[in-house]
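>
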Amino acid sequence: MLRIALDGPSGAGKSTVAKALAKKLGVIYVDTGALYRTVGLYVRNKGVDKNDEERVISLLPEIDLGMEFINGEQVITLNGVNVGDTIRTGEIAMYASRVSAIPEVRNFLLETQRKISRENDVVMDGRDIGTVIIPDAEVKIYMTASSKARAERRYKELIAKGESCTLESVLADIELRDKNDSTRKTAPAVQAKDAILLDNSELDIDGTVEKAIEIIKSKVEI
Ligand code: DC
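Residue numbering for the sequence shown follows numbering that gives the first Met the number 0, starting at 0 and increasing by one per position.
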């Protein structure tokens, strides 16, 4: 089996790199953040306060979450409806960050993630893939960049999309999410002991993919 756990903070470029790696290696790309975002979307749509843990937990039995791969593309369904890009907003990212700190939510999403990694070769991107979801992954990479580098990339993306924001507000959002994600009690977003660090503050996407391939080659034959 070839299971590559790609963990790291928001905005390190994990999804872009993971997609490129999956394509090169002919394995599927699994974006686990999308699952937390989908739970966040449901909580928001129900008008429930994301900080109200008890109410968030009480919604879980109402959620039927599906994850399929159509032509290699991950499709997430929420009670039978494809969530598409509705989970890709800053607001939903904040809901995802809050709900992902709740142990019951993490537990709710655990088996979906493990099942996919048992049945397929994967590049799986998330926060606790190497520590919790696939602790025996063949390759573990912890990909990060300075918060300043991540904020600058995100800022450029948002401006290109026509959203209005400031670099300061983007940096503040990233730092708040980093803090939430790394200090929560359950499965905090930290580097696994046996993960290899890939800091791409000074690298572009191609350079990062190249470096990741080197790391993979140092662990398995590809
Ligand atoms: O990678 P992302 O931005 O789509 O993730 C959304 C949120 O979900 C992020 O705040 C951290 C959380 N998350 C998590 O706790 N564990 C994962 N495996 C993936 C994401």
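Every residue, glycine too, gets a C-beta built ideally from N, C-alpha and C. Small disclaimer: the values here were computed from a predicted structure and weren't measured.
Quick one: is the Cβ of Ser146 within less than 8 Å of any heavy atom of the ligand DC?
Counting from 1 along the sequence shown, the entry for residue 146 is found at position 147. Answer for Ser146: no, Cβ out of range of the ligand DC.
> Can you tell me whether DSSP reads Ala95 as helix, strand or coil?
Counting from 1 along the sequence shown, the entry for residue 95 is found at position 96. In the structure shown, Ala95 sits in a helix (DSSP, three-state: H, G or I).
> Compare the C-alpha of Gly10 against each of Ser181, Ala144 and Leu202 and name the closest.
Indexing the sequence shown from 1 puts residue 10 at position 11. Considering only alpha carbons, the answer is Ala144.
> Does the structure place the stretch 24-42 close enough to the stretch 94-110 that three or more beta carbon pairs sit under 8 Å?
Contact between the stretch 94-110 and the stretch 24-42 is present, because at least three Cβ pairs lie under 8 Å.
> Between which two residues does the alpha helix (DSSP H) containing Thr182 stretch?
Along the sequence shown, read from residue 1 onward, the residue named residue 182 stands at position 183. Here the alpha helix (DSSP H) through Thr182 covers Leu166 to Thr182.
> Confirm, please, whether the CB-CB distance from Leu1 to Asp120 is below 9 Å.
Numbered from its first residue, the sequence shown carries residue 120 at position 121. Numbered from its first residue, the sequence shown carries residue 1 at position 2. It is a contact, given that the beta carbons lie within the stated cut-off.
> First and last residue of the beta strand (DSSP E) that includes Val139?
Indexing the sequence shown from 1 puts residue 139 at position 140. Per the sequence shown, the amino acid found at residue 139 is Lys instead of Val. Val138 to Thr143 is the span of the beta strand (DSSP E), which, as asked, contains Lys139.
> Could you check whether the stretch 166-180 touches the stretch 103-112, counting it as contact only if at least three pairs of C-beta atoms, one from each stretch, sit closer than 8 Å?
Flag = no, the stretch 166-180 and the stretch 103-112 do not touch.
> Over the uninterrupted alpha helix (DSSP H) stretch that includes Gly206, give me the two end residues.
For the purposes of this step, residue 206 is taken as the residue at position 207 of the sequence shown. Note, Gly206: alpha helix (DSSP H), Ile204 to Lys218.
> What does DSSP give as the partner residues of Thr76 in its beta bridges?
Within the sequence shown, residue 76 is the residue found at index 77, counting from 1. For Thr76, which the question treats as bridged, DSSP gives the partners Gly65 and Asn81.
> Going by DSSP in three states, Ile101 sits in which element: helix, strand or coil?
Translated into the one-based positions of the sequence shown, residue 101 becomes position 102. Note: Ile101 maps to coil in three-state DSSP.
> State the start and end residues of the unbroken beta strand (DSSP E) segment that holds Val16.
Against the sequence shown, residue 16 aligns to sequence position 17. No beta strand (DSSP E) contains Val16, which is instead part of the alpha helix (DSSP H) from Lys13 to Leu24.
> Determine which residues share a DSSP beta bridge with Val122 and list them.
Residue numbering aside, residue 122 sits at position 123 when the sequence shown is read from its first letter. For Val122, which the question treats as bridged, DSSP gives the partners Ile3 and Tyr28.
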